[in-house]
Amino acid sequence: MGIQGLLRFVKDATEDVHVKEYANQAVAIDTYCWLHKGSFACAEKLAKKEKTDQYVKYCMKYLDMLELHKVRPILVFDGCNLPSKELVEHQRHKRRKENLEKGKQFLREGKLNAARDCFTKCISVTPAMALEVIQAARKRGIDCIVAPYEADAQLAFLSKKGIVQAVITEDSDLLCFGCTTVIFKMDMLGRGQQVKMENLGRVKNLVGFTPDLFRHMCILSGCDYLPSVKGVGLVKACKALKLSKSKDAYQVARKLHQYIKSIGPVEASYGANFERADKTFLYQLVFDPRKRELVPLNEYASGVNPD
DNA sequence: ATGGACCGTTACAT
DNA sequence: TCTCAACGGTCCAT
Ligand SMILES: [Mn+2]
């Protein structure tokens, strides 16, 4: 789900970019985005479980383009899923299953277009598909990293440590994770839209916001790890934090109604859940390719128990 | 008028 | 065995 409306919210900090600006530098790829887009080209074959390498070719086309511009990519993949979005996952699983059955029925009735329409709605990218892309990429000498958990955190680690100069994705969460530079909507020609953390102040409402404050705003507005309090989105979350003036964010969350007129007192568990969500953004485990070991995305603050 | 919730559509590429 | 998220529209509450 990402952060609802975040890209629109940071529009004034967004600029057109061409990936050739990263010539002779490294960028990290949220490869799932390519895999997912590439899967539409062969949705029918995937639904029928026919063998196809069209999604691999689609990813290779992107790699060709980056190579042409002398950009060095590091492909990042998801590992284990965090058990935090079960409800949404269940709904998606159901939707895919229904569309697969409907598609097969249309096929039996000879309604080819209707069938194809259903098949595009039951696309599921499997670890096996990711593995094929990994093997094809490694064959051409391109580095791949399978994150221990979410690719998001892994991409942010590479960005924050300066191992890459930009992250290429479609997911606004990457800003919340603290990436220094993110490129969204990059097409096959290498054109995309760039958001730099250091430019967030170009958004009127975000003048003076630190990455920590920005992350807290995102969490209050609703994120994958914690739904928002009913009636609270980015704008109200932003105003609340401005009003609270650098007070401890965890206390602000617990007493959110003091900062947002239109809501009542939050549920008793909200404060602790906010804290847990924040720590998931801060301390999720990632792979450090230099030390070759698992480390938290950020070093634990002194005196903080990350549980 | 504004912000937020919710819904359906888009993607690929012939 | 089984990973999406952004966008644009409408409707509703404030
Ligand atoms: Mn995400």
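Per this note's numbering, the first sequence starts with residue 34, numbered consecutively. Positions of the beta carbon are idealized from the N, C-alpha and C atoms, including for glycine. All values derive from a computational prediction rather than experimental measurement.
Around the C-beta of residue i, are 16 or more other C-beta atoms found within 10 angstroms, so that it is buried, or is it exposed?
{"i": "Ala301", "result": "exposed"}
{"i": "Ala282", "result": "buried"}
{"i": "Tyr333", "result": "exposed"}
{"i": "Gln124", "result": "exposed"}
{"i": "Lys18", "result": "Since the displayed the chain opens at 34 and closes at 340, residue 18 lies outside it and no answer follows."}
{"i": "Glu183", "result": "buried"}
{"i": "Ala305", "result": "exposed"}
{"i": "Asp63", "result": "buried"}
{"i": "Gly225", "result": "buried"}
{"i": "Leu327", "result": "exposed"}
{"i": "Lys288", "result": "exposed"}
{"i": "Cys66", "result": "buried"}
{"i": "Ala161", "result": "exposed"}
{"i": "Val121", "result": "exposed"}
{"i": "Asp204", "result": "buried"}
{"i": "Thr47", "result": "buried"}
For the beta strand (DSSP E) containing residue i, name the first residue and the last one.
{"i": "Val285", "result": "Here Val285 belongs to no beta strand (DSSP E); instead the alpha helix (DSSP H) covers 282-287."}
{"i": "Glu48", "result": "47-51"}
{"i": "Asp321", "result": "318-321"}
{"i": "Ala163", "result": "Careful: Ala163 lies outside any beta strand (DSSP E), inside the alpha helix (DSSP H) at 160-172."}
{"i": "Gln227", "result": "224-229"}
{"i": "Val328", "result": "326-329"}
{"i": "Asp176", "result": "176-179"}
Using only alpha-carbon positions, find the residue among the options that is nearest to residue i.
{"i": "Ala199", "options": "Glu83, Lys103, Lys229", "result": "Lys229"}
{"i": "Val166", "options": "Asp111, Leu188, Leu233, Leu68", "result": "Leu68"}
{"i": "Phe42", "options": "Cys209, Tyr182, Ile107", "result": "Cys209"}
{"i": "His102", "options": "Ala59, Gln37, Lys135", "result": "Ala59"}
{"i": "Ile175", "options": "Phe314, Glu100, Phe320", "result": "Glu100"}
{"i": "Lys237", "options": "Asp111, Ala169, Leu40, Asp45", "result": "Asp45"}
{"i": "Ile196", "options": "Arg309, Arg105, Phe73, His51", "result": "Arg105"}
{"i": "Tyr55", "options": "Ala147, Lys154, Met98, Ser335", "result": "Met98"}
{"i": "Leu274", "options": "Leu259, Pro260, Lys263, His290", "result": "His290"}
{"i": "Lys130", "options": "Arg323, Ala147, Val109, Phe152", "result": "Phe152"}
{"i": "Pro244", "options": "Pro260, Leu207, Tyr88", "result": "Leu207"}
{"i": "Ser72", "options": "Met34, Tyr258, Phe190, Ser157", "result": "Ser157"}
{"i": "Tyr303", "options": "Gln317, Gln284, Val319, Tyr292", "result": "Gln284"}
Is residue i near ligand 1 - that is, is its Cβ less than 7 Å away from at least one heavy atom of it?
{"i": "Asp311", "result": "no"}
{"i": "Asp5", "result": "This structure cannot settle anything about residue 5, because the visible part of the chain is limited to 34 through 340."}
{"i": "Asp176", "result": "no"}
{"i": "Asp204", "result": "yes"}
{"i": "Gly35", "result": "yes"}
{"i": "Asp185", "result": "yes"}
Do residue j and residue i have their beta-carbon atoms positioned less than 8 Å apart in this structure?
{"i": "Leu267", "j": "Ser277", "result": "no"}
{"i": "Gly211", "j": "Arg248", "result": "yes"}
{"i": "Ala310", "j": "Leu188", "result": "no"}
{"i": "Ala286", "j": "Phe314", "result": "no"}
{"i": "Cys256", "j": "Ile36", "result": "yes"}
{"i": "Leu39", "j": "Cys251", "result": "yes"}
{"i": "Ile296", "j": "Val240", "result": "no"}
What residue range does the alpha helix (DSSP H) around residue i cover?
{"i": "Leu68", "result": "64-72"}
{"i": "Val89", "result": "87-101"}
{"i": "Arg105", "result": "Counting along the chain, Arg105 falls outside any alpha helix (DSSP H), though it belongs to the beta strand (DSSP E) covering 105-110."}
{"i": "Phe190", "result": "184-193"}
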